[in-house]
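Protein chains in written order, with my numbering: chain A, 267 to 702; chain B, 267 to 702.
Even glycine gets a Cβ: it sits at the ideal position worked out from N, Cα and C.
Predicted model only: the values in this text are computed from it and were never measured.
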C-alpha cells in the first residue's frame, strides 16, 4: 500500500479545524449590493463576514437591518487600507471600477465582481494581476446573473472540448421581442413599455444594439471555448428593425425571433455574433420568456448542455456573487483557469457564419421583382429556398420574404449590396440568419 | 495596506510551477470506462496520466488505441498496491464496488465514481472515510450523466438556499412515455421497442419502477437541499400502468405525462417521490426528449435554475468523470461539502405532496357512477375540478377522468380505498399528481 503524498491534494498543513474568517467589503450598494448584504446577514456562509460598505453619498444608503459593526464609507481608500480580504465590486463600468479592482488586487485583496464590461475588456490582464498578487478574481455574476454557467463550463464540463456556445444573454431584448410577438406592437412601443416597467434604461442602446450581450459572449467564449477576444471585434446588430410582420413570417417557417449570441471555435478562427435570429419553435431558445437567460454549450464528447434561469435581478445576481465568495473560502480559483494566458488562445474573430437566411423586403409592387432578385442570387451561387407573401398589405408598401439555402453571411451581404441598388425598395431589406 | 495571510487562500507552499502528475486507474472497462480512456488518451488534461485498467477477463477487453505503457489487470489488488493516485470506479452496484472503494480510500487513493446506488446508499459513510484518509471522493457522474448538476448545485448555487428540486432523471422511462404518447402504443410495446434499441435492460424493473431515479434523487437532495435520506424511504411508483388514453386525457388538460422525481424541503420534513406525473405543456419538463435529463432547482434567492443535457451514454458520462478528475487535480473537494455530516440534516421522508390530481377510472358503465364517486370525495372534503369522457370507447370498458382540486396525496389515497370497493371497476383507478 502507498500513501498519496502529492502536494496538489488537500495540504496537511492547513489548519482545517479553525479557518480564519474572511472580511468582505461591498463596493457599490445598489440593488445587487443590497441583496448581497442581505444574504451575508441573513444566511451568512461559514468563513465570511461583511465588514465594509462603500458607496458615494453613503449616508443616503445606510440601512437599519445590518449590524451596527459594519463600517459605512464614501472612500475606497478606507476599504483598501483596511483588513478586508475580499472586495466585492458592484459599481460597474470600466472606470473607476477598473482602477479600484487593480488597487485592491495590488493591496493583497481578492476581488469578486459582476462587472461584465470590465472582465470582457480587461479580464486577461486582471487575472494575471490577481495571480501575481496571489489573490482570487471571480466573476461568475458577470454573465447571466444567477445562472451558474461560468462554473458549469469551467468545472462541470472541464473535461469536454467545447466547440459552440449559443444563448439568450440580454433580458431587455428578450422582453421587447416577446412583446412585439405577443402584442403585435412596434419595436418603439415595446421599448417604451419596457422602459416604463423598468426593464430598459432611459438610454437603451447598450442592450438594443447588442453591446451588453457581446461583453457577456466574450466572457463565455473565454470560459468555455478558451478563446480570448476583444468584445469590440464581435459583430453586434440592433433588434430595432424587427417589426410584427417578421414574427408573422417567422411563424410560417415554424420559427420565432430572438436576440441570439453565438460563438463557434474552428481551427484558426472564432465565429461570433450577437444579432436578431430566427430560431425553430421546438428549440429551448424559443421558450425563453421575459428576463430569463439560457446558454447552450456543445461539446465534442458531451453533446449539448443547457443552463437556464434568471439572467438579472438583485437576488439571482447576489447568489452568483456570494457563491463566488464561498468558492474563495473553499480556496478555489474558480475562474482563473480559462483566463490564464497559457490556456486561452487569441483567434481572429469573424461573424461570417454559414446558415439559412431570412430576407424581408418591403417594396412598391411591380412586375419582375422576384426575377430581378433571383438573377442576383443566382450570379452569387445562392439558392432560393422559398418565397412567402402574406395578403392584406398595400401594393405601395408590400412586405414579402425570401428564405435562402445555407450560405455564408458575407455572400448574402454582397448580394444585398447589389439588390439595394434596385429601385423598388420602400425600406431597406432586413436580413436575419436562421438557426437550425 | 495589508497582505492577506489566511491559510484558506492559495497556499504559498505549493510547488505550482511543477505539480506532480496524478496516476489514474480505470476499474470497469465498459462503455463509460472506454470513453474515459479515450478522453484521457486523446485529450489528456494536464496533471493526469492513465496508468492502469482493471476488469474481469481483461484480455477480452484489451484495445490497441491506448499506449503500451498501460498496465492491464484482472486483479483489484494490483491497483490497490500500485502508485495509482485516483481510482475511477465504473463497475456499478453495491458490491464488490463498495468494498473496493473503501479499500482504495484506506490505501490513500482518491476515488471518482459514477455509481449512483453506492453513493445514494452509503455516500455519507464513504465521504467520512475519504476525509479520514485525506482523500477525495467525487461522484458528479452519478446523476444525469453529462449534465453538470452536482457541481452546479454545490458550487454555482452555493450561496442560495434551495428548497425544491424537480426533474427527469431516467432516460429509459422518458423514452417509453414519449413513445406511448407519439405512437399511441401500449406500455408493453414501447418497452419492447426500447429493449430492442438498447435503451432498456432485459430486466427493466430498476428503471420502470423508479428505483434508478430514486437513487439519483437521493444524491441530488443531499447535494442541493443538504438533506440525507435513505433512497429506500423515497416513494417510487411504476410507469407501467400508463396507457395511450392517459395521454389523450392529459392533452385535454394541456398536459403531458413524464416520470418526475421531486424533493421539497420544509421545516422538519423532506417531501420526495418518483412517479408518473402530469406536467403542463409549457413546462421545460414537457419538452425533454428521449434520453435527455433535466433538473430544475428552486432557490429562496435565485429562483428557478435549469440544468439539462444528455443523461446517459458513454461520452457524456465520461465527461463528468474526467471533470471530477480535473477538479481533484485542481485540488478541490468538490462533492465533500454537501455530504459532510455537519452540513446535511437527516429528515423524515414523506411522499404526501399537496397537488391537483388526475384520476382515470375504467368502468362498466351504469347510472350513478359519478354520483357515487362525488359522495366519497365530498366526505373527505375533496373538491372535484372537472370530469372528462372521450367518446369512442365501449360501455363495457369505459375510461373517464376526474381531476381534483389541490389536496394531499394521502387524502386522495384514502378516498380511493373506499372507491375501490365499488363494483363498477374494470381496472384499478390510475391516480397521478398534476405538477403546477
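DSSP three-state call for residue i: helix, strand or coil?
i	result
residue 651 of chain B	strand
residue 624 of chain B	strand
residue 366 of chain A	helix
residue 578 of chain B	coil
residue 735 of chain A	Residue numbering for chain A in the displayed model covers 267 to 702; residue 735 of chain A lies beyond these limits and cannot be assessed.
residue 396 of chain A	helix
residue 583 of chain B	helix
residue 589 of chain B	helix
residue 310 of chain A	coil
residue 545 of chain A	strand
residue 213 of chain A	Since the first residue of chain A shown is 267 and the last is 702, residue 213 of chain A is not available in this structure.
residue 664 of chain B	strand
residue 480 of chain A	helix
residue 462 of chain A	helix
residue 264 of chain A	For residue 264 of chain A there is no data in the structure shown, the boundaries of chain A being 267 and 702.
residue 401 of chain B	coil
residue 728 of chain B	Nothing about residue 728 of chain B can be reported from this structure: the residues present for chain B run from 267 to 702 only.
residue 347 of chain B	coil
residue 569 of chain A	strand
Would you tell me roughly how many angstroms separate the C-alpha atoms of residue i and residue j, rounded to the nearest one?
i	j	result
residue 488 of chain B	residue 419 of chain B	10 Å
residue 536 of chain A	residue 480 of chain A	14 Å
residue 623 of chain B	residue 553 of chain B	21 Å
residue 396 of chain B	residue 431 of chain B	27 Å
residue 288 of chain B	residue 455 of chain B	48 Å
residue 334 of chain B	residue 464 of chain B	32 Å
residue 644 of chain B	residue 630 of chain B	23 Å
residue 322 of chain A	residue 360 of chain B	60 Å
residue 304 of chain A	residue 320 of chain A	15 Å
residue 495 of chain B	residue 484 of chain B	6 Å
residue 646 of chain B	residue 530 of chain B	25 Å
residue 516 of chain A	residue 301 of chain A	40 Å
residue 422 of chain A	residue 327 of chain A	38 Å
residue 509 of chain B	residue 453 of chain B	6 Å
residue 414 of chain B	residue 573 of chain B	7 Å
residue 662 of chain A	residue 693 of chain A	11 Å
residue 306 of chain B	residue 570 of chain B	35 Å
residue 425 of chain A	residue 341 of chain A	44 Å
residue 383 of chain B	residue 497 of chain B	9 Å
residue 525 of chain A	residue 440 of chain A	7 Å
residue 528 of chain A	residue 556 of chain A	19 Å
residue 443 of chain B	residue 331 of chain A	51 Å
residue 566 of chain B	residue 316 of chain B	42 Å
residue 471 of chain A	residue 351 of chain A	37 Å
Does the beta-carbon of residue i have 16 or more other beta-carbons within 10 angstroms, so that it is buried, or is it exposed?
i	result
residue 329 of chain A	exposed
residue 614 of chain A	exposed
residue 605 of chain A	Residue placement at residue 605 of chain A cannot be trusted, given a pLDDT of 42 that sits under 50; what the coordinates show is reported in the next sentence. Buried is the call here.
residue 708 of chain A	Here chain A has residues from 267 to 702 only, and residue 708 of chain A is not among them.
residue 641 of chain B	exposed
residue 312 of chain A	exposed
Could you spell out the range, first to last residue, of the beta strand (DSSP E) harbouring residue i?
i	result
residue 701 of chain A	691–701
residue 433 of chain B	428–434
residue 321 of chain A	Unbroken run through residue 321 of chain A: none, as it is neither H nor E.
residue 529 of chain A	521–532
residue 376 of chain A	376–379
Residue i lies in the alpha helix (DSSP H); which residues open and close that run?
i	result
residue 711 of chain A	An answer regarding residue 711 of chain A cannot be provided, because it is not within the stretch 267 to 702 covered by chain A.
residue 293 of chain B	Counting along the chain, residue 293 of chain B falls outside any alpha helix (DSSP H), though it belongs to the beta strand (DSSP E) covering 288–293.
residue 337 of chain B	Element bounds for residue 337 of chain B: not the alpha helix (DSSP H) but the beta strand (DSSP E), 337–339.
residue 640 of chain B	635–645
residue 442 of chain B	437–449
Check whether chain D comes within 8 Å of residue i, counting only Cβ atoms and requiring the distance to be less than that.
i	result
residue 422 of chain A	Annotation note: the requested chain D is absent from the structure, which comprises protein chains A and B.
Say the cut is 7 Å; is the CB of residue i nearer than that to a heavy atom of the ligand PLP?
i	result
residue 668 of chain B	Ligands in the displayed structure: none, and consequently the ligand PLP is not present.
Q) Between the region 373–392 of chain A and the region 475–494 of chain A, do three or more beta carbon pairs fall short of 8 Å? A) yes
Q) With contact counted as at least three CB pairs below 8 Å, one residue from each stretch, are the region 535–548 of chain A and the region 464–482 of chain A in contact? A) yes
Q) Quick check: the region 294–308 of chain B against the region 354–369 of chain B, are there 3 or more CB pairs under 8 Å? A) yes
Q) Is the region 662–672 of chain B touching the region 630–638 of chain B in the sense that three or more CB pairs, one from each, lie closer than 8 Å? A) yes
Q. Can at least three beta-carbon pairs, one atom from the region 579–591 of chain B and one from the region 406–419 of chain B, be found at a separation below 8 Å?
A. Contact between the region 579–591 of chain B and the region 406–419 of chain B is present, because at least three Cβ pairs lie under 8 Å.
Q) Taking one C-beta from the region 569–579 of chain A and one from the region 490–502 of chain A each time, how about it: are there three or more such pairs within less than 8 Å? A) no
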